[in-house]
Amino acid sequence: MSAQLACMTADVPVAGTLRVELEGERGPVEVAIVRDESGEWHAISDVCSHGAVSLSDGEVEGCTVECWLHGSRFDLRTGKPLSPPAITPVPVYPVTVDGERVLVDVDAPL
Numbered sequence: 169m170s171a172q173l174a175c176m177t178a179d180v181p182v183a184g185t186l187r188v189e190l191e192g193e194r195g196p197v198e199v200a201i202v203r204d205e206s207g208e209w210h211a212i213s214d215v216c217s218h219g220a221v222s223l224s225d226g227e228v229e230g231c232t233v234e235c236w237l238h239g240s241r242f243d244l245r246t247g248k249p250l251s252p253p254a255i256t257p258v259p260v261y262p263v264t265v266d267g268e269r270v271l272v273d274v275d276a277p278l
C-alpha cells in the first residue's frame, strides 16, 4: 500500500491531535495525527506502548505527546518514550501534506 488520506488539514488544530483508523496490509491501524506547536505534521501509533490507551487523547507539548493515563511522553519524530513508565517505542509513519489533504503510509513505518 502507499500513502492514504488520513484527514484534512482543517481537522487538526496546531498543538492538537486526531485519532484515525487506516487500512494497512495487515488490517486496521490506529493512528494519532498530530500537529505540533510549530505546525509540523506527525503520524504516530495511537496506542500507548505502556497502557494500551489512546495517545490522541493526550496533550501535545513541543514535539511530544503525553499519554493521559500514566504521563509517559513520546517523541513525535521517533516514537521513543521520553519518560517512564513507558519503555517501548511506538511506531511513527511518514506524513505528506498535499494541499488540504494529510496523507499517511502505515505500511512504511520510519
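According to the numbering used here, numbering within the sequence shown proceeds without interruption in unit steps and concludes at 278. All residues carry an ideal CB built from backbone N, CA and C; glycine is no exception.
Under the DSSP assignment, R203 falls in the beta strand (DSSP E) whose first and last residues are G195 to R203.
Around the beta carbon of R203, a 10 Å sphere encloses 16 or more other beta carbons of the protein chains shown; the residue is thus reported as buried.
With contacts defined as CB atoms closer than 8 Å, V258 and F242 qualify as a contacting pair.
Between V197 and V260, the C-beta gap is not smaller than 8 Å, which leaves the two residues out of contact. Cβ atoms of I212 and G247 come within 8 Å of each other, at about 6 Å. Going by C-alpha positions, V215 is about 9 Å away from C235. Where V272 is concerned, the enclosing beta strand (DSSP E) starts and stops at R269 to V272. Taking the Cβ atoms as the reference, C175 lies roughly 10 Å from L190, outside the contact range of under 8 Å.
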